[in-house]
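One line per chain: the protein sequences are A and B, in this order.
Residue numbers for the first sequence, in the numbering used here: 1 to 157.
Residue numbers for the second sequence, in the numbering used here: 158 to 1103.
Quick reminder that beta carbons are idealized off the backbone N, C-alpha and C, glycines included.
This one's a predicted model, so the numbers in the text were calculated from it and none came from an experiment.
Heads up, the thing below is written out as structure tokens.
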Amino acid sequence: MGALSEEIRERIRAEFPKYPNKRAVTLNALHIVQDAQRQVSIEAMREIAELLELHPAEVHDTMSFYGFFRDEKAPLGKKRVWVCRSISCMLRGGEELLADVCHDLGVKPGETTADGEVTLEFAECLGVCEGAPCVLVNDECYPNMTAESTRELIKKP
Amino acid sequence: MINRTESTSQTITLTIDGQSVSVPRGTTIWSAAQAAGIEIPVLCHSPKLEPVGVCRMCVVDVGERVLAPSCMRECRDGMAVDTTSPKVEQHRRVLTRLLLEEHLVPCEREKTSGDCELEALGRRYGLTDPQGHSLPEKATNPLQDFSSPVIAVDHQACILCDRCIRACDDIQSNHVIGRSGKGHNAQIAFDLNSPMGESTCVSCGECVSYCPTGALTPKAITLPIIPKSEMKATDTVCPYCGVGCSTTVYTVDNRIVMTEGRESPVNHGRLCVKGRYGWDYTMHPHRLTKPLIRKESAYPKGALSSEVKETSGQRRKPGGIVDIDEVMPAFREATWDEALDLVAEKLNGIKQAYGNNALAGFGSAKCSNEEAYLFQKLVRAGFGTNNVDHCTRLCHSSSVAALMETIGSGAVTNVFADVENSDVILITGSQTTANHPVAATFMKEATKRGVKLIVVDIRRHDMVDFATHFAQIKPGTDVAFYNGVMHVLIRDGLIDEKFVAQRTCGFDELKKLLLDDYSPEKSAAICGIPAETIVDIAETIGRAKSMLIFWGMGISQHITGTDNARCLISLCLLTGNVGRPGTGLHPLRGQNNVQGASDAGLIPLAYPDYQLVTRFDIRQKFERAWGVELDHHIGLTVVEIMKGALAKSIRGMYILGENPFISDPNINKVRKALASLDFLVVQDIFLTETAEFADVILPASTFFEKTGTYTNTDRRVQLGRKVVDGPGESREDWRIICEISNRLGMSMNYASPADIFAEFASLTESYRGLTYENLGPTGKLWPCRDPEHEDGEKILFGDTFPTLDGKGKLVPCPYLPAAEVPDAVYPYVLSTGRVLEHWHTGSMTRRSQALNAIEPEAFVVIHPIDLAVLNISDGERIRVSSRRGAIELAVRAEESVEPGCIFIPFHFREAAANVLTIDVLDPFGKIPEFKYCAVKIEPVTESASA
Chain A
1 MGALSEEIRE
11 RIRAEFPKYP
21 NKRAVTLNAL
31 HIVQDAQRQV
41 SIEAMREIAE
51 LLELHPAEVH
61 DTMSFYGFFR
71 DEKAPLGKKR
81 VWVCRSISCM
91 LRGGEELLAD
101 VCHDLGVKPG
111 ETTADGEVTL
121 EFAECLGVCE
131 GAPCVLVNDE
141 CYPNMTAEST
151 RELIKKP
Chain B
158 MINRTESTSQ
168 TITLTIDGQS
178 VSVPRGTTIW
188 SAAQAAGIEI
198 PVLCHSPKLE
208 PVGVCRMCVV
218 DVGERVLAPS
228 CMRECRDGMA
238 VDTTSPKVEQ
248 HRRVLTRLLL
258 EEHLVPCERE
268 KTSGDCELEA
278 LGRRYGLTDP
288 QGHSLPEKAT
298 NPLQDFSSPV
308 IAVDHQACIL
318 CDRCIRACDD
328 IQSNHVIGRS
338 GKGHNAQIAF
348 DLNSPMGEST
358 CVSCGECVSY
368 CPTGALTPKA
378 ITLPIIPKSE
388 MKATDTVCPY
398 CGVGCSTTVY
408 TVDNRIVMTE
418 GRESPVNHGR
428 LCVKGRYGWD
438 YTMHPHRLTK
448 PLIRKESAYP
458 KGALSSEVKE
468 TSGQRRKPGG
478 IVDIDEVMPA
488 FREATWDEAL
498 DLVAEKLNGI
508 KQAYGNNALA
518 GFGSAKCSNE
528 EAYLFQKLVR
538 AGFGTNNVDH
548 CTRLCHSSSV
558 AALMETIGSG
568 AVTNVFADVE
578 NSDVILITGS
588 QTTANHPVAA
598 TFMKEATKRG
608 VKLIVVDIRR
618 HDMVDFATHF
628 AQIKPGTDVA
638 FYNGVMHVLI
648 RDGLIDEKFV
658 AQRTCGFDEL
668 KKLLLDDYSP
678 EKSAAICGIP
688 AETIVDIAET
698 IGRAKSMLIF
708 WGMGISQHIT
718 GTDNARCLIS
728 LCLLTGNVGR
738 PGTGLHPLRG
748 QNNVQGASDA
758 GLIPLAYPDY
768 QLVTRFDIRQ
778 KFERAWGVEL
788 DHHIGLTVVE
798 IMKGALAKSI
808 RGMYILGENP
818 FISDPNINKV
828 RKALASLDFL
838 VVQDIFLTET
848 AEFADVILPA
858 STFFEKTGTY
868 TNTDRRVQLG
878 RKVVDGPGES
888 REDWRIICEI
898 SNRLGMSMNY
908 ASPADIFAEF
918 ASLTESYRGL
928 TYENLGPTGK
938 LWPCRDPEHE
948 DGEKILFGDT
958 FPTLDGKGKL
968 VPCPYLPAAE
978 VPDAVYPYVL
988 STGRVLEHWH
998 TGSMTRRSQA
1008 LNAIEPEAFV
1018 VIHPIDLAVL
1028 NISDGERIRV
1038 SSRRGAIELA
1048 VRAEESVEPG
1058 CIFIPFHFRE
1068 AAANVLTIDV
1078 LDPFGKIPEF
1088 KYCAVKIEPV
1098 TESASA
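Right, dumping it as structure tokens:
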């Protein structure tokens, strides 16, 4: 016991009434834990399984299916930055933008900076093609980005 | 599945490959083809598993735009199916080629048993090239996992058919295997992607038996595994628990190579870790191969192993079995004639000098009905005493006493598989997943279909995961709990009044006791379960249309064991839950032939079929049958015989296949008792702890080395067939019994076990009519009115009970506390029991590589709160002592026990739990209180261990 704080447990339990059964809360629980802890550890999955009355393998099945979730081997940095490289963004310099950001941060897509501040990812369409190329920082989307404006954005506290 | 409504007829007619086929509505094309003798290749499908249609190998042409998966698609009227069109064959060929791309040929399965289903398809389509396939790069995951002692995992050979996942989830309900990742990185995973050996896998091997490729294969235990067609297959049953699973054992050159589950009403082909992997003890180098006689220099008698001689429980050598090098020098080899003559001479001498009742015999519930029958016949007719008993005394004698008293029959009233018809299952005092693992799979399965499961236990065991209600009662308070439940049933009008009026007697007395003294609040104060929970459980039971009760040693092994069982019987009778589908009383039998050994008369008060030795007419019948005069006194029970030995009233003993030195309570006393016998002959397969005290040791045969019948917990009489020849000069047990009997002047001449069975059956009502021939491949339930055509009666007592007035007796039982309650010096309650991988005194399972590898050492389960108070950490060695002795063993911290209660499995001789247990007895069943005694816990200090 102990990977999940009582506060996180409460937030997961608060999801129960919204769904017909506890199993349906699996994804929400994984999101809640990853948001708070920047990873979903093996121990956290075990405790989620206990809370949701599932078998550990069932939680692991779901967690490992979605590339969005990170285990303890590759935890997220404080900021998760997504650079879109799908067709609209690509035509308007998305790939170059991604390469620039990689160079700036010294990481490859999927990696986290050594100081644990930023995790860089590429995205397959963020649905903001009118603002290509676009960048997502955590849950917020920024259109019409350049290497310069992205650098500023990442630096912003 | 597609639901069509064009016809309401229940029979569908279609053509498959031009052949007209009629099948019931709902049948899949695959099943219809199978029935018509048309084989459609599959990879993900297996007839016992829910179809999932993920592999697409079984596609057929039904005239639609795309091919249809035949394992999923239901037959429709007028459908024309082509299973081998060029389009279909082309599809299968491409699919096989793609799957083989990632499959290293030959895989482990193909290399051993030679039955990789994918490679067979590869050969069929001319694709398999032993050199042509290279390992693809899968850098992120290790592809092989050898961490399990019994199963090898090779993800490289896996085709993600999901069969193992369904076998684990749907067949065994263990839920260990899942799918990890997706796309190219997808693979099966155990729990949270742990190595298999570190996961919660219980090594039942069901996944291996369903795997079509080399992804999950059995590790070799003795000889390398080879194709089944090159081995000898023998259909038999499992030698372990009372479930009595059907098996097929494969041998090469008189050595067992592997065991598989076999289709039967008992296990539907399922097995557990003991049945599937725990048979190699039979080939262990410690097997006794020659008769042994104690050397003159080894007298006076006593234990020979150093760790037994020293009372501190210290071992000089690691490991868990008798140290042969240390013990063997006390014995010399002898010929059979010399040994048998000596046995007869000594037993006769004691008989002449001290009378018949100075002799006693312990038979075994691991032996066959034939052996049990012969053994009790030898003791009764040859020794001339009824001092014959066996380990049923230590497991269900109290349950049997209660059942005989109340409903007139000691056997189960219904088979365990009938849980499929129950509304509610009550499991109490039974850690079913460990002790009756395959029966547990059917119970777990039932809960998934919505059957309510109530678990009442002092430990939170694995069945609780499937329970709707769980009451973790305080140890020894069962009577108070059930009295509270019955109070609510009566108070709230939830009983079956018609049943109570017509089928029972004693209701008024029971009602008075319950209503006066056992309100839920009062019960709650004793058993520690909140009054609301008691009411909730009572209402669940009262509203159920049918309830089946299962119980184990947690009920029976108390000084109130008979009272505990009486309460369960009353609960069933009050609610009318006997004699109908889904109802009944089922004391789960521990050993493979506890039911049969008792049926065969291996108990001191009755001849075969529970015919009392005290009844003149019955005694006359057996005197006529056996041609000698018989004693009319009820004999002594197991613990009474040990006490008799200590008091010198018992002077000579014949022990067949029992190991009281580990299995009986308070073994420091047992040691003195065994050492004080004038003469002890032990017949066993290994030099057991008990054999260290013997004057003569006779080398016997294992389950796999002889033919005989065994009666399982359901009353199913099954044939166990000889699989291999015994080693050296070891003999089949029935032959040894006959030799001794003949030398004692009681003539026994049988041509075969079938002959013995015929004599036994003819002297009973229950087995009458059963023969080796009509038992068939899966045995018969007794009673069986027409063994030639029927399977026997599942459900007993639909109209009446076999009591004098035909009614079931309700016996009021006030709550009584345990014999030795905790105090300031001994503040903890000790409960003993078994673990999944081990068996009884460990003489077989600790000599099985796989089982010993999984659970090699003694341990004690203690709650983390208690450990914190005692400043002891998980894994530390501690000393546990009671008023009778002390043992040292490792701690396992678990919340399965309540604070204040500890649990020790009794299999481990180096830290034998029965050093601690108390030898007080239940007054009716004469069963010792293994489940409750007071102990203290201390860290092992340097001075104490020196």
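| Query | Result |
| --- | --- |
| With three or more beta-carbon pairs closer than 8 angstroms as the criterion, would you say the region 653-664 of chain B touches the region 950-964 of chain B? | yes |
| I need the DSSP call for B/A1091, collapsed to helix, strand or coil. | strand |
| Which residues share a DSSP beta bridge with B/V612? | B/I584 and B/F627 |
| Could you name the residues that DSSP lists as bridge partners for B/R1036? | B/E1045 and B/E1095 |
| Apply the 10 Å Cβ neighbour rule to B/G283 and answer buried if 16 or more other Cβ atoms are within range, or exposed otherwise. | exposed |
| Using beta carbons (cut-off 8 angstroms, strictly below), is A/E58 in contact with chain B? | yes |
| What does the Cβ neighbour count give for B/N514, buried or exposed, with the cut at 16 atoms within 10 Å? | buried |
| Contact check, B/V613 vs B/F638 under 8 angstroms by CB: the rounded distance? | 7 angstroms |
| In three-state DSSP terms, what is B/L1104? | The shown model of chain B, from 158 to 1103, leaves out residue 1104 of chain B, and the question about it has no answer. |
| CB-CB under 7 angstroms to B/S554, same chain, minus the five flanking residues each way: which ones, in chain order? | G1082, K1083 and I1084 |
| Look at the alpha carbon of B/S227 and the alpha carbon of B/K268, and state the distance between them as a whole number of angstroms. | 30 angstroms |
| Hey, how far is the Cα of B/S525 from the Cα of B/R772? | 27 angstroms |
| For the alpha helix (DSSP H) that B/G885 lies in, which residues bound it at each end? | Note, B/G885: premise wrong, no alpha helix (DSSP H); not H, not E. |
| Of all the options B/F861, B/I382, B/T870 and B/A851, which has the alpha carbon lying nearest to the alpha carbon of B/V595? | B/T870 |
| Establish whether the CB of B/H626 and some CB of chain A are separated by less than 8 angstroms. | no |
| Could you tell me how far apart the beta carbons of B/S680 and B/N721 are, in whole angstroms, since I believe they sit closer than 8 angstroms? | Going by Cβ atoms, the distance from B/S680 to B/N721 rounds to 14 angstroms, so no, they are not a contact pair. |
| Once the 5 residues before and after B/A695 are set aside, which same chain residues still bring their CB inside 6 angstroms of it? | V642, V645 and L646 |
| With C-beta atoms as the reference, is B/V409 less than 8 angstroms away from B/I383? | yes |
| When the cut-off is 8 angstroms and only beta carbons count, does A/F65 lie next to chain B? | yes |
| Just checking: is the beta-carbon of A/R46 within a distance shorter than 8 angstroms of some beta-carbon in chain B? | yes |
| Identify every residue that forms a DSSP beta bridge with B/S403. | B/V394 |
| Taking a cut of 9 angstroms between CB atoms, which residues from the region 328-353 of chain B lie near chain A? | N331, H332, V333, I334, G335, R336, S337, G338, K339, N342, A343, A346, F347, D348, L349, N350 and S351 |
| Going along the chain, which residues of its own chain have a beta-carbon closer than 6 angstroms to the beta-carbon of A/P157, five neighbours each way excluded? | none |
| Give a yes or no on whether the minimum CB-CB distance between A/I154 and chain B is below 8 angstroms. | no |
| Please check the pair A/T112 and A/V81, which I expect to be a contact at CB under 8 angstroms, by giving their CB distance rounded to whole angstroms. | A/T112 to A/V81, Cβ: 10 angstroms. No contact. |
| For A/I42, go through chain B and note every residue whose CB falls closer than 7 angstroms to its CB, in chain order. | L349 |
| Tell me, which residues are paired with B/E490 by DSSP? | B/L449 |
| Of all the beta strand (DSSP E) runs that stay within the bounds of the region 7-61 of chain A, which reach a length of 3 or more residues? | none |
| Indicate the three-state DSSP secondary structure (helix, strand or coil) for B/H1138 in the structure shown. | The displayed coordinates of chain B run from 158 to 1103. Any statement about residue 1138 of chain B would go beyond what the structure contains. |
| Alpha carbon to alpha carbon, how far is B/V484 from B/S462? | 6 angstroms |
| Considering Cα atoms alone, identify which of B/Y434, B/V880 and B/E387 is closest to B/G362. | B/Y434 |
| Within the 8 angstroms Cβ cut-off, does A/H31 reach chain B? | no |
| Would you say A/H103 reaches chain B, if we count a Cβ-Cβ gap shorter than 8 angstroms as a contact? | no |
| If I'm right that B/A1091 touches B/E977 with Cβ under 8 angstroms, what's the distance once you round it to whole angstroms? | 5 angstroms |
| Quick check on the DSSP output: what are the complete beta strand (DSSP E) runs of length 3 or more inside the region 971-1014 of chain B, in order along the chain? | 985-990 |
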